[in-house]
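**Q** In our numbering, the protein residues as written are 180 to 440. Glycine is no exception: its CB is placed at the ideal position from the N, C-alpha and C atoms. Note that this is a predicted model, so its numbers are computed, not measured. Right, I'll just put the structure down here and ask away after.
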């Protein structure tokens, strides 16, 4: 019996370890060399409230092109009232999805990608206004928010034309060990309603989820696991641990009795 009990204990610990790994490991259902459906990278589309810069340039008539650029605002800075020119002048897309370009007028760019917006404005110039105009648009202050059981919750700035959920989680330092990996929530406002998407990062199916490609202003919430929730009160966690070990001990004793009965 003295030789059997350590073996039984080892088996129980092994089973517990296997169960824990299933809760923690990512992409458990991916096989070596396997191919599976993945959402194509989607470029962000402009929304009302987004901030952009629009630079119009021309090789033949640079002075004329400058007339279409937004004049840098001058503002007071510091205690001495010194003036400083902003390095970049920004448009804010209005509620109707438009920006108002000097000497050109109102142009709607909401719902367009950056490349599409550049091409739309450039085509307006090429229609007899400034035939060699080159339009460059840059985006500013686009972000998603990550909350919950990650190492560094907060805003994640979008520094390019697309951002995936995996990239955003990587930028906040990944999930903590106390996080639930089977129930990551992505909330997205679409018009006058908010849609919710739950994804399981332990499965390859995340790569084909509508939430895989993030949009500006998405909110990502990572839930704590039951153990983490239990830590909110010391007594509850202590009772949970005692109960767990009592259960394990009871199982071992029962097995030993059955074997040596």
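#1: Ordered along the chain, which non-local residues of its own chain (more than five positions away) have a Cβ less than 6 Å from that of residue 215?
#2: From residue 228 to residue 284, what distance separates their C-alpha atoms?
#3: Applying the 10 Å Cβ sphere with the 16-neighbour rule, what's the burial state of residue 219?
#4: For residue 328, name the three-state secondary structure that DSSP assigns.
#5: Might you give, ordered along the chain, the residues of its own chain that have their beta carbon closer than 7 Å to the beta carbon of residue 343, omitting 5 neighbours on each side?
#6: Please classify residue 372 as buried or exposed, where buried requires at least 16 other C-beta atoms within 10 Å of its C-beta.
#7: Do you know whose CA, among 341, 407, 431, 395, lies nearest residue 322's CA?
#8: Over what stretch of residues does the beta strand (DSSP E) that includes residue 366 continue unbroken?
#9: Counting pairs of Cβ atoms below 8 Å between the stretch 275-284 and the stretch 233-249, do you hit three or more?
#10: Given that a residue counts as buried once 16 or more other Cβ atoms are within 10 Å of its Cβ, and exposed if not, what is residue 331?
#11: Cβ atoms of residue 237 and residue 309: under 9 Å apart, would you say?
#12: Please state whether DSSP places residue 334 in a helix, a strand or coil.
#13: How far does the alpha helix (DSSP H) with residue 300 in it extend, from its first residue to its last?
#14: Short check: CB of residue 367 to CB of residue 377, under 9 Å?
#15: Identify every residue that forms a DSSP beta bridge with residue 316.
**A** Quick answer:
#1: Within the chain shown, numbered from 1, the residue matching residue 215 stands at position 36. Only 383 meet the Cβ criterion.
#2: Position 49 of the chain shown, counted from the start, is the residue given in the question as residue 228. Position 105 of the chain shown, counted from the start, is the residue given in the question as residue 284. If you draw a straight line from the Cα of residue 228 to the Cα of residue 284, it comes to about 19 Å.
#3: Here residue 219 refers to the residue found at position 40 when the chain shown is read from its first residue. Label assigned to residue 219: exposed.
#4: In the chain shown, residue 328 corresponds to position 149, counting from 1. Residue state, collapsed to three classes: coil.
#5: For the purposes of this step, residue 343 is taken as residue 164 along the chain shown, with counting starting at 1. Only 391, 392, 393 meet the Cβ criterion.
#6: Here residue 372 is taken as the residue at index 193 of the chain shown, counted from 1. Result: exposed.
#7: The residue you call residue 322 lines up with position 143 of the chain shown. Among 341, 407, 431, 395, the Cα nearest to that of residue 322 belongs to 395.
#8: If you number the chain shown from 1, residue 366 lands on position 187. Counting along the chain, the beta strand (DSSP E) containing residue 366 begins and ends at 358-369.
#9: yes
#10: For the purposes of this step, residue 331 is taken as residue 152 along the chain shown, with counting starting at 1. Answer is exposed; the Cβ neighbour count stays below 16.
#11: Within the chain shown, the letter at position 130 stands for residue 309. Within the chain shown, the letter at position 58 stands for residue 237. Judged by beta-carbon spacing, residue 237 lies within the 9 Å limit of residue 309, meaning their Cβ atoms are closer than that value.
#12: Here residue 334 refers to the residue found at position 155 when the chain shown is read from its first residue. Residue 334: strand per DSSP, three-state reduction.
#13: In the chain shown, residue 300 corresponds to position 121, counting from 1. That run of the alpha helix (DSSP H) goes 293-305.
#14: Here residue 367 corresponds to residue number 188 of the chain shown, with the count starting at 1. Here residue 377 corresponds to residue number 198 of the chain shown, with the count starting at 1. Their beta carbons are not under 9 Å apart, which means residue 367 does not touch residue 377 by this criterion.
#15: One-based indexing of the chain shown puts residue 316 at position 137. DSSP lists 233 as partners of residue 316.
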